[in-house]
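Protein chains in written order, with the working numbering: chain A, 793 to 1098; chain B, 793 to 1098.
As structure tokens, then:
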């Protein structure tokens, strides 16, 4: 068995993932679990980690670094890793990993901090995305522009080389979910999805959102009214709702994006949606896979420390 | 016992209210129930109505008109009263009451239609508010401007005399509720409310929403971040969330409001919130009580038919 040199971990709110990394940087194994922060008490992290990686390690092997990013470092997580304040150089990430995590058998965990922005009126926080940003800065060292990280809370980040100047979190993904599950719009969204019809809705929603992001509250109700009056299908309505929210998210950033290169870090389908929306304001985005970014970031953070 | 000449009913989604009206127009009694459309099958309406008003009527009295507005006329309601298309003169409301409702004992129910706007890209519907608009047009016959009817779905209506030119529904109230109950923001909102602190949050939220309605998705996350980083209290956060949503709703209407008189029909506290927000864009609003408006509207609709 080839043994990993160290272990990389992305520990989020609803799930976690760990990779065994060889001394040459190649990935030896990848394991995942749905035991995210939301389903764990602080004392349960060591056992979850050990159970996941045990099969891949010799029991009498050497001590190994475990570099962890994400919600494991939140106050309700494994151990609090206090935020670093922006503006900040991302190389400080591992230096900032002060979380006092005791060794777990032969594993030596270190938890990376998140970032915060304390400026009154623009308070914001992130945990996990900072490591993806460090990864992006490693993969694209000359990048100087805006990075969008779509998801539950889409982060828009001004990144210059390895320096984070500032950022803003939009509740785009979470609002989609709670509208879909809990609002009057749910009556117009159920059932099986026809992909072509859904993309027609997405295109119309993106255009409406980008054109008038200030009218989001009223454009949302159109999902219901268009189903009642114009016989729009649930597939169209689901697409329109996604497109409208993403379009309004992009439209709200338009002045900050003017003339800037844009990079997207996210899951493939969501990144495609944002890329389509950015086209509508004349932008093109470089797309970076989220797993590749977080692995590159954890690797860079460990290298900075050793 | 003074017997009513007719009965006015506002039958909404979550509740209903009925008034007994004397021949001189005075209100003889008012009764209410939580049996709104959401809690009723179509066949249950007659019994609910009868049970509510029976104590106030002589069993051998004359036949009496019952004029009903609201969700009782929806497809899932008592009997469908098809929408009238805008632009429309509000006098057509009772002429449009084609819902085939059989007599209920000695009661003769008529259900008023809602309004719809079929223009592609601006589809919209209302049920109940059209009657409040008719009431406003009766109480303020020279009104020519924009009427805001805040609530679960805030309606913004271009009204000229008794003519509705067009309208737009914003999901402001419903989004407040689902964010409060189901989103990550709920962690920052619980507990007892301090009114002064809440109004400080409202003022800050109104200003932020009116100034940049296109940034609503990211300004919402500030509720959470400001609680984490700046120690904002749950009272402040609850106020900021209300103010931000109302401010963004008003900000999104700013171009349509330019120079127009504005009237507000709603519950007192919500109307005050909208009035404060309108002040920030240099507007002043005439406030009309929602119950007074619906009663005046039902009265005018009945008069038009008899």
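Every residue gets a Cβ at the ideal spot worked out from N, C-alpha and C, and that includes glycine.
Task: Buried or exposed (CB count within 10 angstroms, at least 16 for buried), residue 841 of chain B - done: Buried.
TODO: List the residues of chain A whose Cβ lies closer than 7 Å to the Cβ of residue 1007 of chain B, in chain order.
DONE: Within chain A, the residues near residue 1007 of chain B are 1044.
Task: Option in B/1061, B/1023, B/861, B/1083 with minimal Cα separation from residue 980 of chain B - done: A check of alpha carbon separations from residue 980 of chain B across B/1061, B/1023, B/861, B/1083 identifies B/1023 as the nearest.
Task: 7 Å Cβ shell around residue 1088 of chain A - same chain, five flanking residues per side excluded - done: Beyond the five residues adjoining it in sequence on each side, residue 1088 of chain A comes within less than 7 Å, by CB distance, of 927, 930, 931 in the same chain, given in chain order.
Task: N- and C-terminal bounds of the beta strand (DSSP E) containing residue 1078 of chain B - done: Taken as a continuous stretch (DSSP letters only), the beta strand (DSSP E) holding residue 1078 of chain B covers 1077–1081.
TODO: Could you give the DSSP three-state label for residue 968 of chain B: helix, strand or coil?
DONE: Residue 968 of chain B falls in the helix class under three-state DSSP.
TODO: State the beta-bridge partners of residue 822 of chain A as determined by DSSP.
DONE: Answer is A/811, bridged to residue 822 of chain A.
- [ ] Count the other C-beta atoms from every protein chain shown that fall within 10 angstroms of the C-beta of residue 819 of chain B, then say buried if there are 16 or more, exposed otherwise.
- [x] The residue is exposed, with fewer than 16 neighbouring Cβ atoms inside 10 Å.
Open item on the list: So residue 1031 of chain B and residue 992 of chain B are supposed to be a Cβ contact under 8 Å. How far apart are they, rounded?
Closed with: The C-beta distance from residue 1031 of chain B to residue 992 of chain B rounds to 7 Å, short enough to fall under 8 Å.
- [ ] Could you tell me which uninterrupted beta strand (DSSP E) segments, each at least 3 residues in length, are contained entirely in the segment 853–892 of chain A, listed from first to last along the chain?
- [x] The beta strand (DSSP E) runs of length 3 or more contained entirely in the segment 853–892 of chain A are, from start to end of the chain, 856–862.
TODO: Taking residue 813 of chain B as the reference, give the member of B/915, B/794, B/874 with the closest Cα.
DONE: Nearest C-alpha to residue 813 of chain B: B/794.
Open item on the list: I need the boundaries of the beta strand (DSSP E) containing residue 830 of chain B, first residue and last residue.
Closed with: Segment: none, residue 830 of chain B is in no beta strand (DSSP E) and carries neither H nor E.
TODO: Tell me whether residue 988 of chain B sits in a helix, a strand or coil according to DSSP, three-state version.
DONE: Helix at residue 988 of chain B.
Open item on the list: Would you say the beta carbon of residue 1021 of chain B is closer than 8 Å to some non-hydrogen atom of the ligand MG?
Closed with: Judged by which ligands are present, the structure shown has none, so any question about the ligand MG falls away.
- [ ] Name, please, each residue of chain B whose Cβ falls closer than 7 Å to the Cβ of residue 915 of chain A.
- [x] By Cβ distance, chain B contributes 1014, 1017, 1018, 1021, 1022.
- [ ] Classify residue 806 of chain A as buried or exposed, calling it buried when 16 or more other Cβ atoms lie within 10 Å of its own Cβ.
- [x] Its Cβ having fewer than 16 others within 10 Å, residue 806 of chain A is exposed.
TODO: Output, in chain order, the set of chain B residues within a Cβ distance shorter than 8 Å of residue 966 of chain A.
DONE: Within chain B, the residues near residue 966 of chain A are 975, 976.
TODO: Could you have a look at residue 1024 of chain A and say whether DSSP puts it in helix, strand or coil?
DONE: Three-state DSSP puts residue 1024 of chain A in coil, outside helix and strand.
Open item on the list: Let's test the definition: count the other Cβ atoms within 10 Å of the Cβ of residue 1047 of chain B and tell me whether it reaches 16, buried, or not, exposed.
Closed with: That one is exposed.
TODO: Look at residue 962 of chain B and residue 1044 of chain B and say whether their C-beta atoms are less than 9 Å apart.
DONE: Contact: yes.
TODO: With residue 957 of chain A as the anchor, note down where its beta strand (DSSP E) starts and where it stops.
DONE: Looking at the DSSP string, the run of the beta strand (DSSP E) that includes residue 957 of chain A is 955–962.
Open item on the list: Helix, strand or coil for residue 799 of chain B? Go by DSSP, reduced to three states.
Closed with: The answer is strand: DSSP assigns residue 799 of chain B an E or B state.
Task: chain A contacts made by the segment 1050–1067 of chain B, where a contact means CB separation under 9 Å - done: If the cut-off is 9 Å between Cβ atoms, the segment 1050–1067 of chain B has nothing near chain A.
- [ ] Could you spell out where the beta strand (DSSP E) holding residue 1058 of chain A opens and where it closes?
- [x] Counting along the chain, the unbroken beta strand (DSSP E) around residue 1058 of chain A starts and ends at 1054–1058.
Task: Below-9 Å beta-carbon distance, residue 948 of chain A vs any chain B residue - done: Taking 9 Å as the threshold, the shortest C-beta distance from residue 948 of chain A to chain B falls below it.
TODO: Quick one: grab the DSSP three-state call for residue 1067 of chain A.
DONE: If DSSP states are grouped into helix, strand and coil, residue 1067 of chain A belongs with the helices.
Open item on the list: Which same chain residues end up closer than 6 Å to residue 1064 of chain B when comparing Cβ atoms and leaving out the 5 residues on each side of it in sequence?
Closed with: Nothing meets the Cβ criterion.
- [ ] Rank A/862, A/864, A/823 by C-alpha distance to the C-alpha of residue 846 of chain A and give the top, closest one.
- [x] Measuring from the Cα of residue 846 of chain A, the nearest candidate turns out to be A/823.
Task: Burial state of residue 1076 of chain B, where buried means 16 or more other Cβ atoms lie within 10 Å - done: Residue 1076 of chain B is classed as exposed because its beta carbon has fewer than 16 other beta carbons within 10 Å across all chains shown.
Task: Any C-beta of chain A under 9 Å from that of residue 855 of chain B - done: No, residue 855 of chain B lies away from the interface with chain A (no Cβ there is under 9 Å from its Cβ).
Open item on the list: Quick check on the burial criterion: 16 or more other C-beta atoms within 10 angstroms. Buried or exposed for residue 1095 of chain B?
Closed with: Sixteen is the threshold: since fewer than 16 other Cβ atoms of the shown chains lie within 10 Å of the Cβ of residue 1095 of chain B, the residue is exposed.
- [ ] Using a Cβ-Cβ cut-off of 9 Å, state whether residue 971 of chain B counts as contacting chain A.
- [x] Yes - at least one Cβ of chain A is within 9 Å of the one on residue 971 of chain B.
- [ ] Express the C-alpha separation of residue 933 of chain B and residue 937 of chain A in angstroms, rounding to a whole number.
- [x] One C-alpha to the other measures close to 56 Å.
Task: Same chain only: Cβ atoms within 7 Å of residue 1054 of chain A, ignoring 5 sequence neighbours per side - done: The beta carbon of residue 1054 of chain A sits closer than 7 Å to those of 937, 938, 940, 1070, 1075, 1077, all from its chain and outside the five residues before and after it, given in chain order.
TODO: Return yes when the Cβ of residue 853 of chain A is within less than 9 Å of the Cβ of residue 898 of chain A, no when it is not.
DONE: Taking 9 Å as the Cβ cut-off, residue 898 of chain A and residue 853 of chain A qualify as a contacting pair.
Task: Nonlocal neighbours in the same chain, by C-beta distance under 6 Å from residue 1085 of chain A, ignoring five residues either side - done: Within the same chain, residue 1085 of chain A has close Cβ partners 924, 927, 928, 1057.
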